Structure formats: C-alpha cells, structure tokens
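*Asks:*
Chains as they are written, first to last, in full-length UniProt numbering: chain A, 1 to 500; chain B, 1 to 500.
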C-alpha cells in the first residue's frame, strides 16, 4: 500500500436493509442509518478498513455450527419463514474512481473493502454469465452460441439486479492458431447446423440509469468467456510471443500468440467473424462511449474475464486505452484466474496507457502460473525456464486461499474445482484479509460453488456439478415421444450473430 | 416349437387406427377392419406368424434413409404437423392364455407374434418404471424410496395408458447377505434421514376394468427392480446355493443364496422390512386375488423384473404358485436380462407348479450368463466350471441380438448399455424373427434407448444418459438462493412405507 496516499474522509456505511422489497440501489449514505453492530462497524477512510476481528470470520473448526445455520435457514425457507434477502447495494458514486482503481486499489485490498468486494463480485458474475449462457451441447443446433438473446441474457441468469443491459455480443473464431480446446469433435462439426467456425465469446453491457447513479458514472462492461475445454489446453500453448500492434515497440511489448489470435482473427469465409472479436468489441465500446460522452456523462470501461477471458480482457483493455484520448474513459480490468498474457513490457505499457488491472488469483489454481508452469512433464524440462522468465503478470493482485473457506474440501487436489469461476466468487465473498478466516457475514449462496465442480464439503449436501438441464434438453411432445426442445424463437441467433 | 400343438383358428388382426384420439383398448376383432397392407398381413393362426418379408425390416445399410424418416417426422412434430399417435392396442381377450404362456409360447416367439410383443413391452415398461421412479440420489432425504406415491407412479412416468393401477409397494432390506450393491456409501448412510436399511424394490399393480376387458382376465402384476450398482456386483455372488423352502426337497431344488436373502430378509429393527419382500408381495397378491376371485373373475399373475429383478420374479412366482390351488391363478414370469437364479431342479419345480417363464435375453449382455461367467478373471479359473454346471436357466427364451438394430452402435463393447432395460425394450420392439433385420414398423421411441446409456448411433443426435433432473433437484427459492426442491407432499413416504 502506498503510504503517501491521502486519507479520504468520507463516511462509508455498511448498512444493509432487512427488507428485500427494493433490491435496486437505494441511497443510504445517511450517517444515521449506519448499524452499530460490531461486524458492521463504521469505516471512515477508504484506506482504513475495519480491523480483523476474530468474531467476524468463521474458522474451519466451527464449520458444524455454521453449517447448522445454513441448514436452519434453509428449513425456514422451506416453510416460508423469514429469510435474508439480497443485500442492498451501497451507493459508491462519490468514491467510484478509487473503487475502479485510480489509486491502484491502494488500501482497499488487504483487508478488502466491502464496496470493492461488491464490485468485484458484480463483474465476476458477468464473467460467470459467459459460461452459464454458453451452449456447450455438441448435439445442439446452435452449439457454440449464446443460449439467450442479449435482451434476455441477464434476466435468464437471475442477474437483472445488477442493473446492466447487454448491448452487444462478441464472437471469436474457433479454428485459429490456438490449441484444440475451442474446436468441437469432427463428427459434430460435420453435423453442425449453426456455425462451426465461430463461437460466442462474450458480451458488452451498459449500466442503466439507476445503477449509473449508484456507481457515479456510466459503466461500459465487456465480459470475455474463458475456455470450455480441460485445463490441459494451456499445455498446448506454444510459448510463442509476438509484438502487439499499437504498443510501444521500442519497449519490446510482446504478447502470447495464441491469445492474440483468438482476439484478432477473422475470415470472410466465416459467418460471425468477418470481423474479429477485437473489432466487434471495439465497435460496440466506441459506439456506447460516444453516445454517453455526447450526453456529457462520465464513462468508465470495465473489462472482465475468467481464465483465457482474463487474457483477452488485457488485450481488449490495451486496445481501448489506445483508442480513447487520455482521461476520456477510465479503463480497468478485473480478471479472474487469468494466465500470463504477455511479457513485462506489456504490463508496463498497460500502465503507461492508464489501464488499471486487478487480478484475482487463487493460491491453489494452476492456471495463473501459466504459461510458465507446464502440466506436461515431458515438455516441462524443455521450456519451463524460458517461459517463466519471459511471461509476466500485469497489475495488482488479490490473492485468495481456498484454505480460508470452511465450506471447501481440504487435502485433495481439485485442479478443475480450484479454477472454477464460482469458487473464485465464493472466496472473494468470504475474503476479509490475507491470513484471516472466512467472513461470517458472507452472504453469497454456497450452493453456487458446486455448479460445475464438487468442492463443497459433503456435510452441506449440495450435489456436485449440478448445473444441468432437465433430460439434457429433451422434452415429451404431445404424442409422448421425446424430442429436442426447440429454443425460444427470440433466443435463436440470426444470420448476423445478433438475435431477433 | 412343439409340433404337436394344435393350430388355433382365430383371426388375429394387426390393424392400427390412424387416429390417436382414443388410446384405450377398442375391440377390433372385426375381420373387415383388417388392413390389407403387406406389412399388416392377416394371421390366421397363433402358431403361424406372418412370414419374414424383407420389406418389413430395416437393414443396417439403410440406416441413413430410415434416420431421415425419423428426422422428418420429428420436424413435423415440431411444427405441429401430422404425426403417428400411440398405436391402439389389440384386444387379446380370446387368446390371453396362449399369450400368457399356457402353451409355453409355442409358435409365438420366432417369429414373434405382435400380440405377444405388445404384452412383453407392457410388462417391460413396468420393470423399467422401477428404475425410473427410484430415488438414486444419495443426497436426497428419501434416497432409496420411490419418488412417487403409488397413486401417481404410473401417471408420473407416462404409463397411464397401460391401464393398470398400482396397489402396493414392496421394500427389501439393504444390508442383507448380498454384495455391496444395494448399500449406500457410509457417509451417506450417516446423513440419511429417511431409512437406511430398506429400499423400495418394486410394486404390485392391477389391470383396470377396461384393460381387463381387453386382455380377457384381471391381471395382477408384480414388478421387481434390479440393481442400482455396477455390473460388477455379480462378481460378488459367492456361488452359494441353498434349498428353497416349500420346494420339492427330494428333487434337490436349490437357489442362489444372495437372491433369496434379498427376497426373504426381514428385521424388527428396520422400518420397512419388519416384513420381508416376500411377505409384502404375497400379502398384496393374495389380497387382490381373493377380492377378484370372490367376484367370480378370472385372475392371472404376471411377475416381471430386469436383472436381479428377474431372479426375484422367479422366487416370487415359485412362492405364489405354491400358495394358490392348481388352476386357480395362472402364474407367469416375463423376465429381462435375468441371471441364473437356481439349479436345474428349480426350473423343473417351477414348471411342475405350472409357472410359465419367458426369459428375454440379449446375446451381447453378460448378466444372463451369470452366475457362471465371472468378470473377475482371477476368480474365473477357480469357480467357473462348477458354477456353470450348477446354475441353470428356467423357461422359454426370447433371444435378442443388438446387431439387428441399425440404430445401435456397433463394434464396441457396451456392457452397461447392453444390459439396460431400455435397450431390451427397443430390441423387442424391433424383433421380427431370429436372423432378420429390424422391423420397419417398430414404433417405440428411439430416444428412450439413451436414457441411461449411449448406445444410439451419433447420427440420431440423441444425448447419452439423458434421463436427469434439472439442476439435480435444486431450485431457486423466492430469494434467488438454490435449495433442494421438496418432494410433492403426497410423494413423501409415510412411516409405514406407504404414502399419504
């Protein structure tokens, strides 16, 4: 933490309403509403978080009692009893620049400021949405597309409360010079009725008026999807770096060839990538910035992504920062589990351009150590040394530790589970400061952790990998025969990759 | 086929209505309604099936065209166009004894008589229902129970059209002296809130008045569930046979100890097995037989089951035949994929008691060769010889061949898929006669095959193992949190194992 940063004397209440009736942002800066609860202590400085207090965290040894709480609460819900509602969001408009990284998050990360935690989770949920909405089903007519039209994406995933509207979709080519991971099996490609050479890889969204008031500026978000394939694809990265167009050439800025090719590839022969992912994203970003700058609004750009998506977010941020005049648009990246995307000069160049990067990484996740850590032992000897020297991370780090959560299994290696976006969101929600236990007042739904893995302890009785469709999308027709359920017509991608 | 059996001169029409409005049985013996279609040729003798005609079967080489037909039909359904309805059922009242095996199915099996095929599929669907309705979820509050009350079982599974009503449930102890297969993991047993020592193992059902008219007698059905565990459990059978109570002792009747213990075990300490499966089944059977015999109706007992359920069906049939005076109740077994349950004397004794046994077996399924074929090679040498000599099958065999179906993958071993009940039903539906191809007019929904396996060829684009709950039973509560869905109150088992 830079000790020279001035203290900012703004009261930051942590008050939460007990009523869930109005989930939207409510201005609640009124000092009188601050709760006196020890766990809700008043925070007078952005730089000074509430001190670590043992009673505010759950230690591993107290799991049984906390689990009972969860059980009891669940029981209450079942009989229609009282239950906590979604917490109301704090109004952060006055401090949005600091939360957005203008000071490199000095004093906000350890302990983690609740306002920042809330914003990290918001962006993380956008990154998670790129997985939840992706059509992975290789038997689907629209495999590789988004399951929902942009108008229904957030509401379909229960994210209406974020206060954002999706304005555009981004596609990336699937047969560019990257590992096999984005490609589908050949017998599927053969059958594919939708589009076998492009995949939906993310979206652009915009804060609505209410959220804009709460966060103090119009926020353009770009969320990039990560990989669909096993972790091993990182093994396939060739360790080839190449210069980045527009970067400070004299400084030797270089980025990983594979990531860059996902970001920049296009072909007239494809349906959705006549324009590259870069061009699609930048066109929409520029359009939105222009509209709202012309209205005299302050505009920020926040780019997020998980895994590969985190690497793409950096490339996108670099391009955006080059595009807009300095100071016109604040550009930040909030990445999760991102691999190293380029060399040290790339990180320096991002900073020179004013891009703020917050990297959320989990101690137990191997992907953020890649390239550089190679899973395949045979290749390890060959390239480990050179890669580690060459690739470098950019920005500030928020380091999570799975051992902090009493809800996660211990003692075993769960390479997939530790890389899952929902695991990250769970640990951000429970993070107080490094070395402390899990926040007692963490409210994020624990069941979400097991969406695509089985990390939760058995005692919670949440099924592993539970995010699945009923009967894999088959439904009975009126004759009693099982047929593939048609997509809602408005969720069928049209010829240009948009939706009707 | 016994050549000495007299030909029975009753016209047997194959007519099918093109309208699906009345799915119930309609008397249709009227000669004038017999279709003249070559594939619907008139059959004058029960013993003389329509001859094998190449145009009535689909050869493997013609898959693509037949698949196109399936596709086209599916398209029609999607746009609400015309579609085949469930075929109307033939009235078999006049010939029910032969269909039920009084003549040991002489002349009805090869080629397979359509009336018999229809009845085999009906009973097979009851056997399948014992799997579809079983709560396998080790995290469920009611793991090991039936997911539906007896009043809702058949309708919940789309089997209302069978014209039967479930009248009773049967439970079997789960920690008797059998292999590990019925037991749940220890950490689950610890958490189990329902009943960890009993599992739902089957049901008793009764034909309703309409079905009774169609099939010529009041039919009591007992359906026994098979194993929930991997095929390997057959390895654990100890090869211990023991005398069967009530059987002809001088003839040396012996049955497999493991199967018998499932059938007869009880304990005062359990909740649902204070009475054994045998006692529960027989009590209900006797009750129903008494009620309808007192009304002067003719009553049959048809016992069905798949895998272990087929072995239990034989034990149940032996007991039932001993219970009722000769000729009072016709007792038949229709088993699928059943292992050998006892020695040759057991088979002879069943026949002496008047039990007719139709065993449906698939050439490629290993289970019907057990005990006798041992998966574990180390134990193979030791006991193969003696077991094969000792264990014996009973009754008539209907032998299926997976190679007959152009819809199933070839060239690979699918020990699980070839053992699945739905695979059996598919092959019965397509069976014309041994060595012929697949019936062209087979109408059973192909998608069902892949419920719990991936045997269907990729071209059909039916997902593998698709029978699954949305989000493994988790639902969002009104606060947006994921919670376990409560069972419908009427589907919660009450303290005595019945339902409210």
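For each residue, glycine too, the CB sits at the ideal point set by N, CA and C.
Computed from a prediction, not measured in an experiment: that's the story for all the values here.
Excluding sequence positions up to five away, which residues of its chain have a Cβ less than 7 Å from the Cβ of residue 512 of chain A?
*Replies:* With chain A covering 1 to 500 only, the question about residue 512 of chain A has no answer from this structure.
*Asks:* Using 8 Å for Cβ pairs, my map puts residue 466 of chain B next to residue 474 of chain B. What's the rounded Cβ distance?
*Replies:* So it is not a contact: roughly 19 Å between Cβ atoms.
*Asks:* Pull up the DSSP beta-bridge partners for residue 396 of chain B, would you.
*Replies:* DSSP output for residue 396 of chain B lists B:358 as bridge partner(s).
*Asks:* Out of curiosity, what's the CA-to-CA distance linking residue 413 of chain B and residue 395 of chain B?
*Replies:* Using only the alpha carbons, I get a separation of about 28 Å.
*Asks:* What are the residues of the stretch 118-141 of chain A that lie near chain B, defined by any Cβ-Cβ distance shorter than 8 Å?
*Replies:* Cβ contacts with chain B come from 137 and 139.
*Asks:* At 8 Å on the CB atoms, spell out the chain A contacts of residue 474 of chain B, in chain order.
*Replies:* Per Cβ cutoff of 8 Å: 447, 462, 463 and 466.
*Asks:* Let me check understanding here. Comparing Cα to Cα, which of A:477, A:216 and A:117 lies closest to residue 358 of chain A?
*Replies:* The residue with the shortest Cα to Cα distance from residue 358 of chain A is A:117.
*Asks:* Closest by CA to residue 418 of chain A, which one among A:429, A:400, A:434 and A:486?
*Replies:* Nearest of A:429, A:400, A:434 and A:486 to residue 418 of chain A, Cα basis: A:400.
*Asks:* Does DSSP put residue 303 of chain A in a helix, a strand or coil?
*Replies:* Strand at residue 303 of chain A.
*Asks:* Going residue by residue through the stretch 434-474 of chain A, where are the continuous beta strand (DSSP E) segments of at least 3 residues, counting only ones entirely within it?
*Replies:* Complete beta strand (DSSP E) runs here, min 3: none at all.
*Asks:* Against residue 470 of chain B, what residues of chain A qualify as contacts under a CB-to-CB distance less than 9 Å, listed in chain order?
*Replies:* Residues of chain A passing the Cβ test: 468, 469, 470 and 471.
*Asks:* Pick from B:259, B:407, B:461 and B:452: whose alpha carbon is nearest that of residue 468 of chain B?
*Replies:* Ranking the options by Cα distance to residue 468 of chain B, first place goes to B:452.
*Asks:* Between the C-alpha atoms of residue 311 of chain A and residue 498 of chain B, what's the straight-line distance to the nearest angstrom?
*Replies:* Whole-angstrom Cα-Cα distance: 58 Å.
*Asks:* For the alpha helix (DSSP H) containing residue 429 of chain A, list its first residue and its last residue.
*Replies:* Looking at the DSSP string, the run of the alpha helix (DSSP H) that includes residue 429 of chain A is 421-430.
*Asks:* What number of angstroms, rounded off, separates the C-alpha of residue 409 of chain A from the C-alpha of residue 486 of chain B?
*Replies:* The alpha-carbon atoms of residue 409 of chain A and residue 486 of chain B are separated by roughly 26 Å.
*Asks:* Can you give me the Cβ contacts of residue 303 of chain B inside the same chain, cut-off strictly under 6 Å, excluding the 5 residues immediately before and after it?
*Replies:* Excluding residues within five positions, the ones whose Cβ falls inside 6 Å are 222, 313, 316, 317 and 333.
*Asks:* Kindly list the residues whose CB is nearer than 8 Å to the CB of residue 198 of chain B, restricted to its own chain and excluding five residues on each side of it in sequence; keep chain order.
*Replies:* Here the set comprises 144, 171, 172, 173, 174, 270, 271, 272, 273 and 497.
*Asks:* List the DSSP bridge partners of residue 243 of chain A.
*Replies:* Note: residue 243 of chain A sits in a beta bridge opposite A:254.
*Asks:* Would you mind stating whether residue 438 of chain B and residue 398 of chain B have Cβ atoms separated by less than 9 Å?
*Replies:* Taking 9 Å as the Cβ cut-off, residue 438 of chain B and residue 398 of chain B do not qualify as a contacting pair.
*Asks:* Consider the Cβ of residue 417 of chain B: report whether some Cβ of chain A lies at a distance smaller than 9 Å.
*Replies:* No, no contact with chain A.
*Asks:* Verify the CB distance criterion: does residue 482 of chain B have a CB-CB separation below 9 Å to chain A?
*Replies:* Chain A, which has a Cβ nearer than 9 Å to the Cβ of residue 482 of chain B, makes this yes.
*Asks:* Check the DSSP bridge columns for residue 173 of chain A and list the partner residues they point to.
*Replies:* Partner(s): A:198.
*Asks:* Figure out for me which residue from B:91, B:153 and B:122 has the closest Cα to the Cα of residue 488 of chain B.
*Replies:* Ranking B:91, B:153 and B:122 by Cα distance to residue 488 of chain B puts B:153 first.
*Asks:* Which residues of chain B have a Cβ atom closer than 8 Å to the Cβ of residue 158 of chain A, listed in chain order?
*Replies:* Ordered by position in chain B, the residues that pass the 8 Å Cβ test against residue 158 of chain A are 476 and 480.
*Asks:* Roughly how many angstroms separate the alpha carbons of residue 85 of chain A and residue 210 of chain A, rounded to a whole number?
*Replies:* Bear in mind that the predicted position of residue 85 of chain A carries a pLDDT of just 44, short of 50, making it unreliable; the figure below should be weighed with that in mind. When rounded, the distance between both Cα atoms is 20 Å.
*Asks:* Cutting at 6 Å between CB atoms, please list the residues of its own chain near residue 224 of chain A, excluding the five before and the five after it.
*Replies:* Contacts found: 202, 305, 309, 312 and 313.
*Asks:* With distances taken Cα to Cα, identify the nearest neighbour of residue 355 of chain B among B:217, B:327, B:364 and B:342.
*Replies:* The shortest Cα separation from residue 355 of chain B among B:217, B:327, B:364 and B:342 belongs to B:327.
*Asks:* With residue 132 of chain A as the anchor, note down where its beta strand (DSSP E) starts and where it stops.
*Replies:* Unbroken run through residue 132 of chain A is the alpha helix (DSSP H), 114-132; no beta strand (DSSP E).
*Asks:* So, at 6 Å on beta carbons, what are the nonlocal neighbours of residue 115 of chain A in its own chain, with the 5 sequence-adjacent residues on each side left out?
*Replies:* Excluding residues within five positions, the ones whose Cβ falls inside 6 Å are 90, 92 and 99.
*Asks:* The beta strand (DSSP E) that contains residue 330 of chain A, what's its start and end?
*Replies:* From DSSP, the beta strand (DSSP E) with residue 330 of chain A extends over 329-336.
*Asks:* Would the beta-carbon of residue 505 of chain B fall within 9 Å of that of residue 136 of chain B?
*Replies:* Because chain B in this structure spans residues 1 to 500, residue 505 of chain B falls outside the shown range and cannot be described.
*Asks:* Does DSSP put residue 277 of chain B in a helix, in a strand, or in coil?
*Replies:* Three-state DSSP puts residue 277 of chain B in a helix.
*Asks:* Going by the CB atoms, is the gap between residue 319 of chain B and residue 435 of chain B shorter than 9 Å?
*Replies:* For residue 435 of chain B and residue 319 of chain B, no; Cβs fall outside 9 Å.
*Asks:* Per DSSP, residue 319 of chain B forms a beta bridge with which residues?
*Replies:* In DSSP, residue 319 of chain B forms no bridge with anything.
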